[in-house]
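Undergrad: Just remember that the numbering used here sits 8 ahead of the position in the sequence shown, which is counted from 1.
Positions of the beta carbon are idealized from the N, C-alpha and C atoms, including for glycine.
Values in this document were obtained by computation on a predicted structure and should not be read as measured data.
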Amino acid sequence: MFISEQFFIQFRQNKPFILDVKNKQEFEITDSEIIKTLLDISFDKKTNEEKLSELKNASLILNNSQQAYLLNRYKNILVDLFDTGSSNLFNVMYKLNKKDFAQVFLDTKKTLFHRELPELRSVKNYNEQDVIALPKPNLDKLRNISFFDILDNRQTIRQFQPHTTDLQTFADVLFSSLGKFHNGKDKEKQYEPFYRRTSPSGGSLQVIQGYVLVYNVENLENGIYFYDAESHSLCKEKDIIPYEELAKLLGGQFFAEHCDFAIFLTADIERLRWKYNTSRNYKVVNLEAGHFSQTLQLILTAYDLQTWITGAFMDHLIDDLLDLPNKNNTALFFIAVGVGERKPMHDLMIEALKE
Ligand SMILES: Cc1cc2nc3c(=O)[nH]c(=O)nc-3n(C[C@H](O)[C@H](O)[C@H](O)COP(=O)(O)O)c2cc1C
Numbered sequence: 009m010f011i012s013e014q015f016f017i018q019f020r021q022n023k024p025f026i027l028d029v030k031n032k033q034e035f036e037i038t039d040s041e042i043i044k045t046l047l048d049i050s051f052d053k054k055t056n057e058e059k060l061s062e063l064k065n066a067s068l069i070l071n072n073s074q075q076a077y078l079l080n081r082y083k084n085i086l087v088d089l090f091d092t093g094s095s096n097l098f099n100v101m102y103k104l105n106k107k108d109f110a111q112v113f114l115d116t117k118k119t120l121f122h123r124e125l126p127e128l129r130s131v132k133n134y135n136e137q138d139v140i141a142l143p144k145p146n147l148d149k150l151r152n153i154s155f156f157d158i159l160d161n162r163q164t165i166r167q168f169q170p171h172t173t174d175l176q177t178f179a180d181v182l183f184s185s186l187g188k189f190h191n192g193k194d195k196e197k198q199y200e201p202f203y204r205r206t207s208p209s210g211g212s213l214q215v216i217q218g219y220v221l222v223y224n225v226e227n228l229e230n231g232i233y234f235y236d237a238e239s240h241s242l243c244k245e246k247d248i249i250p251y252e253e254l255a256k257l258l259g260g261q262f263f264a265e266h267c268d269f270a271i272f273l274t275a276d277i278e279r280l281r282w283k284y285n286t287s288r289n290y291k292v293v294n295l296e297a298g299h300f301s302q303t304l305q306l307i308l309t310a311y312d313l314q315t316w317i318t319g320a321f322m323d324h325l326i327d328d329l330l331d332l333p334n335k336n337n338t339a340l341f342f343i344a345v346g347v348g349e350r351k352p353m354h355d356l357m358i359e360a361l362k363e
């Protein structure tokens, strides 16, 4: 008799719940005998047979030790729990033939649109004076550059030199990475009310949003802005913070110093939940941020700008900094942009190596 390692007991508002991360099941414990029975098993004591069979029926007690073990893949209990908790699709669609699958796929879409679509962050009402229309994009540079050169030149650097990005380049980069790049083409109509961008998006829900920290962009007041893809404009959230303060929020990483601007990719989780109510969303948002980050880095490289990227930061402090509207939005990735020598190490690292 083995107690499954794949569940935990959590108290919510003083009430105990069992969360089975493997089977994605949740039970409220309404009888303390359940907990006592689990303890009795673990201390090899005589158990309450009725409760034992309840626990077996719920797959919390197993006969096979292998099935009871938590996959120790990441060698970190929390990560192993996240991994198991967000693994495997739990639906029965795999049983359908192709024709029925196509039908159910479409029906799901139809039923979805009866539910109110959660509004995106961009609908927040900003004061008129806080909204700055960006120059119309001019994508000639992207059209003409060799893809080989972009791949060859992209590199993470960790030391920027003081430099200013011109406003047109800044606008082009935001438009081509986060804006409505394909807008206006007839074949795009099938995606409405969503739209496509230059990176793929889970369910085409476009949950990724961009917040820009402007430090050195020509003719643009420094500040923290939300990039509104709908109107290709910047919406001011706050005044900029000094590089030193930013470094603290990035866990001490000071490599964004002297960047011209930086982008936090955030996710609007509510949108994802609207379509997919599954723990796998945890993986999807992070994968999507990775796609957007890569496209962004390639575009920046095309514009002869360099990047430093990180996902290591104080999430909740960043969410506050960006003034994210509610608990359904979170920052996922950070891209600092500027100009610097093409080398991966900051001078201070090179010096430290010599010592
Ligand atoms: C998901 C992810 C997280 C990263 N986090 C950091 C980080 O916290 N700090 C850092 O200096 N670089 C970070 N990097 C950059 C990598 O160190 C860098 O991509 C790697 O050294 C390879 O160099 P390249 O980007 O020039 O090819 C991260 C990269 C990725 C993809």
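1) Report the option in 240, 346 and 292 whose CA atom is closest to the CA atom of residue 308.
2) Give me, in chain order, the residues of the same chain whose beta-carbon lies closer than 8 Å to that of residue 175; leave out the 5 immediate sequence neighbours on both sides.
3) Which term fits residue 85, buried or exposed, when burial requires 16 or more other beta carbons within 10 angstroms of its beta carbon?
4) Are residue 218 and residue 273 close, meaning C-beta to C-beta below 8 Å?
5) Can you have a look at residue 38 and say buried or exposed, based on whether 16 or more other CB atoms are within 10 angstroms of its CB?
6) Helix, strand or coil for residue 92, going by three-state DSSP, please let me know.
7) Mind checking whether the beta-carbon of residue 263 lies closer than 7 Å to any heavy atom of ligand 1?
8) Quick one: does the C-beta of residue 167 sit closer than 7 Å to a heavy atom of ligand 1?
9) At a threshold of 7 Å, does residue 274 count as lining ligand 2 (C-beta to nearest heavy atom)?
10) How about residue 324 and residue 208: do their beta carbons lie closer than 8 Å?
11) Does at least one heavy atom of ligand 1 sit under 7 Å from the Cβ of residue 314?
12) Between which two residues does the alpha helix (DSSP H) holding residue 327 run?
13) Measure the Cβ-Cβ separation of residue 237 and residue 313 and say whether it is below 8 Å.
14) Count the other CB atoms within 10 Å of the CB of residue 82; is the residue buried (16 or more) or exposed (fewer)?
15) Please go through the stretch 9–51 and give each complete beta strand (DSSP E) segment of 3 or more residues, from N-terminal end onward.
16) On the DSSP letters alone, give me the boundaries of the beta strand (DSSP E) that residue 271 sits inside.
17) What distance in whole Å lies between the Cβ atoms of residue 275 and residue 344, which are believed to be in contact at a cut-off of 8 Å?
18) Considering only the alpha carbon of each residue, which of 293, 294 and 318 lies closest to residue 305?
19) When DSSP builds the beta bridges, which residues end up paired with residue 332?
20) Give me the residue from 361, 357 and 362 with the minimum Cα distance to residue 167.
21) Give the list of continuous alpha helix (DSSP H) stretches no shorter than 4 residues that lie fully inside the stretch 215–286.
22) Nearest-angstrom Cα distance between residue 178 and residue 301?
23) Taking only the alpha-carbon atoms, compute the straight-line gap between residue 201 and residue 213 and give it to the nearest angstrom.
24) Are residue 43 and residue 35 close, meaning C-beta to C-beta below 8 Å?
25) Does the beta-carbon of residue 317, which I'm using as the reference point, lie nearer than 7 Å to any heavy atom of ligand 1?
26) Leaving out five residues on either side along the sequence, give the residues of the same chain with a beta carbon under 8 Å from the beta carbon of residue 329.
TA: So, to answer that:
1) 346
2) 142, 143, 225, 226, 227 and 228
3) Label assigned to residue 85: exposed.
4) yes
5) exposed
6) helix
7) For ligand 1, a non-hydrogen atom lies closer than 7 Å to the CB of residue 263.
8) no
9) This structure lacks ligand 2; its bound ligands are ligand 1.
10) no
11) no
12) 323–329
13) no
14) Around the beta carbon of residue 82, fewer than 16 other beta carbons sit within 10 angstroms, so the residue counts as exposed.
15) 15–20, 23–28 and 33–36
16) 269–276 is the span of the beta strand (DSSP E), which, as asked, contains residue 271.
17) With a Cβ gap of about 19 Å, residue 344 and residue 275 do not count as contacting.
18) 318
19) Beta-bridge pairing by DSSP links residue 332 to no other residue.
20) 357
21) Qualifying alpha helix (DSSP H) stretches, in chain order: 251–257 and 277–283.
22) Rounded to whole angstroms, the separation of the alpha carbons of residue 301 and residue 178 is 16 Å.
23) The C-alpha of residue 213 is placed about 9 Å away from the C-alpha of residue 201.
24) It is not a contact, given that the beta carbons lie outside the stated cut-off.
25) yes
26) 232, 246, 249 and 257
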